[in-house]
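2 protein chains.
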Amino acid sequence: MNHAKPVTRIQRRNRETIREAALDVFSQHGFRGATLDQIAQAAGLSKPNLLYYFPSKEAIHVELLSHLMTDWLEPLRALDANGDPVQEIVAYVLRKLDMSQELPRESRLFANEIVQGAPRIMDMITGELKELVDEKAEVIRNWSEAGRLAPVNPYHLIFSIWSTTQHYADFDIQVRGILQPTGAEHFDDARAFLTHMYTAALTPSA
Amino acid sequence: MNHAKPVTRIQRRNRETIREAALDVFSQHGFRGATLDQIAQAAGLSKPNLLYYFPSKEAIHVELLSHLMTDWLEPLRALDANGDPVQEIVAYVLRKLDMSQELPRESRLFANEIVQGAPRIMDMITGELKELVDEKAEVIRNWSEAGRLAPVNPYHLIFSIWSTTQHYADFDIQVRGILQPTGAEHFDDARAFLTHMYTAALTPSA
DNA sequence: GTAGTTGTTGATCGTCTGGTCAAATCCATG
DNA sequence: CATGGATTTGACCAGACGATCAACAACTAC
Numbered sequence: 001m002n003h004a005k006p007v008t009r010i011q012r013r014n015r016e017t018i019r020e021a022a023l024d025v026f027s028q029h030g031f032r033g034a035t036l037d038q039i040a041q042a043a044g045l046s047k048p049n050l051l052y053y054f055p056s057k058e059a060i061h062v063e064l065l066s067h068l069m070t071d072w073l074e075p076l077r078a079l080d081a082n083g084d085p086v087q088e089i090v091a092y093v094l095r096k097l098d099m100s101q102e103l104p105r106e107s108r109l110f111a112n113e114i115v116q117g118a119p120r121i122m123d124m125i126t127g128e129l130k131e132l133v134d135e136k137a138e139v140i141r142n143w144s145e146a147g148r149l150a151p152v153n154p155y156h157l158i159f160s161i162w163s164t165t166q167h168y169a170d171f172d173i174q175v176r177g178i179l180q181p182t183g184a185e186h187f188d189d190a191r192a193f194l195t196h197m198y199t200a201a202l203t204p205s206a
Numbered sequence: 001m002n003h004a005k006p007v008t009r010i011q012r013r014n015r016e017t018i019r020e021a022a023l024d025v026f027s028q029h030g031f032r033g034a035t036l037d038q039i040a041q042a043a044g045l046s047k048p049n050l051l052y053y054f055p056s057k058e059a060i061h062v063e064l065l066s067h068l069m070t071d072w073l074e075p076l077r078a079l080d081a082n083g084d085p086v087q088e089i090v091a092y093v094l095r096k097l098d099m100s101q102e103l104p105r106e107s108r109l110f111a112n113e114i115v116q117g118a119p120r121i122m123d124m125i126t127g128e129l130k131e132l133v134d135e136k137a138e139v140i141r142n143w144s145e146a147g148r149l150a151p152v153n154p155y156h157l158i159f160s161i162w163s164t165t166q167h168y169a170d171f172d173i174q175v176r177g178i179l180q181p182t183g184a185e186h187f188d189d190a191r192a193f194l195t196h197m198y199t200a201a202l203t204p205s206a
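Going line by line, the protein sequences match chains A and B.
Per the working numbering, residue 1 is the first one in the first sequence, and the count goes up by one each step.
Per the working numbering, residue 1 is the first one in the second sequence, and the count goes up by one each step.
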């Protein structure tokens, strides 16, 4: 038993290798669609070795989800009540869009989990996530009441930001099927469009 | 072999029962996560009987996806080049939102498939879907050029409509976890928010 | 260098799952 | 009511998959 948590150099390296490989596989195939063999192969380890570092397939998945949740919410946390309302929200939108471009696997990992009813992270949604959203919704509501932002339902504003930005990660294959870009040039158009849309929708009418 | 396609009363009934049950199961668990046993039980049939009506698990899934694609695109098809631009698009948004409310299983079926790289419907995306989107994007572009609509990238406008509306079906569990509604009252707020957002973003500046 | 701990893996187990099959049952028609 | 096709299912199969374990290899501390 690991009483004193050894955490050797090897442990740190292999656990990280496994996380990386598992993120690849889980985000592409979902929990049920992913196999330990796939993850083991992607990590360059044997299957029993995987289970030496993590007690089960589900443990790897849960670890990924909880580790990532914090990073995932960072942009919303950064929404500053003291900043300019419209600028703050547009900055949040662009930051989220950047994350969809840079971290599509993380986005798809959550999407897979939530579409299927979030069986493994429901408590995070009604806990940590709801708490943060409630707090920031209040900030937005105050901006609206002060006339510094068009009057909008803050919760649905946040939902729309999540959906429009994460769409470029979660539905990437569809976006590419339609736009047929050679690389990531369509992200520039997305940035321009979303900046226009949220600026227009949120700027208070004189 | 079914040379003359019998299609008896029983066949029609059972195939429909299977489709209904499969939609339930596939939309909740994804293709890989769904099992024939689950579908058989939901349909009230034995597993071999399922395979008497469909040649394989994949055949059921493909049948669902292709059958549904047509209905799914209907609202976009209805976008009328001769109508009032802003009204047409807002009406499209609300119709899509209604579909998310009334047909969440269909939305999740597609979401599951696309998040995982659309392995079974890629041809529909680059074919039927792209064709329709290209056509309607042209309509929108013309509206913008005529000054009847704010100048926006029509493709990204369409993506944003898909994502904001389908979010209420695909991420239902997250929306409910945060808003904790007792029923579907949050859809009214969503309708109001989206109407405001698209009206503000699309109305040409005098 | 050697003892003891940590790390690694081939072989294997039990279960699940998509799919098959032969036998049984149902049912429309003459 | 008899006949033949349509429908139904219990039993079964082969492969995949998560997990275990005993044996072996590598590393660390003394």
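Virtual Cβ for every residue (Gly too), placed ideally from N, Cα, C.
Check	Outcome
Rounded C-alpha distance that separates A:Asn2 from A:Ala192	Annotation note: pLDDT 33 at A:Asn2 (below 50); position unreliable, no value reported.
Assigned exposure category for B:Gln174 - 16 Cβ within 10 Å defines buried	buried
Amino acids of chain A, ordered along the chain, whose beta-carbon sits closer than 9 Å to that of B:Arg108	Val115 and Gln116
Spatial neighbours of B:Leu177 in its chain, beta-carbon cut-off 6 Å, leaving aside the 5 residues before and after	Here residue 177 of chain B is Gly; the residue named in the question, Leu, does not match the sequence. Here the set comprises nothing.
Residues near A:Thr203 in its chain [Cβ-Cβ closer than 6 Å; skip 5 each side]	Val86
Outcome for A:Arg9 when other beta-carbon atoms lying within 10 angstroms are tallied against a minimum of 16	exposed
Sequence-distant residues of its chain with Cβ nearer than 6 Å to B:Ala137 (five each side left out)	Pro154 and Tyr155
As assigned by DSSP and simplified to three states, the class of A:Asn112	helix
Under 8 Å from the C-beta of B:Ile125: neighbouring residues of chain A	Ile173, Gln174, Gly177 and Ile178
Three or more C-beta pairs below 8 Å linking the stretch 25-40 of chain A and the stretch 103-123 of chain A	yes
Check whether B:Leu73 and B:Leu129 have beta carbons under 8 Å apart	yes
Cβ-based neighbour list, A:Ile18, same chain, cut-off 8 Å, excluding 5 preceding and 5 following	Ile39, Ala43, Leu45, Leu50, Tyr53, Phe54 and Ile60
As assigned by DSSP and simplified to three states, the class of B:Leu194	helix
B:Met1 at chain A interface by Cβ criterion, 8 Å	Only weak support exists for where B:Met1 lies, its pLDDT of 33 falling under 50; the value from the coordinates is given anyway. No, no contact with chain A.
Distance, B:Leu132 Cα to B:Pro75 Cα	11 Å
Three-state secondary structure (DSSP) of A:Val133	helix
Residues within the stretch 92-104 of chain A neighbouring chain B, beta-carbon criterion of under 7 Å	none
Members of the stretch 11-31 of chain B that neighbour chain A once the beta carbon cut-off is set at 7 Å	Gln28, His29 and Gly30
Chain B contacts made by the stretch 178-197 of chain A, where a contact means CB separation under 9 Å	Ile178, Leu179, Gln180, His186, Asp189, Ala190, Ala192, Phe193, Leu194, His196 and Met197
8 Å Cβ cutoff met for A:Leu149 and A:Leu23	no
C-beta neighbour in chain B for A:Gly83, strict 8 Å	no
C-beta neighbour in chain B for A:His61, strict 8 Å	no
Within-8 Å CB hit, A:Tyr155 to chain B	yes
Where B:Val7 falls, given that 16 or more other Cβ within 10 Å makes a residue buried	exposed
Own chain residues within Cβ distance below 7 Å of A:Trp143, not counting five before or after	Pro85 and Leu149
Residue from A:Val139, A:Met197 and A:Met99 with nearest C-alpha to B:Phe159	A:Met197
Beta-carbon neighbours of A:Gly33, restricted to chain B and to distances below 9 Å	Gly30, Phe31, Arg32, Gly33 and Gln116
B:Pro181 - DSSP class collapsed to helix/strand/coil	coil
Other residues of its chain near B:Leu64: CB distance less than 7 Å, five sequence neighbours each side excluded	Arg19, Ala22, Leu23, Phe26 and Leu109
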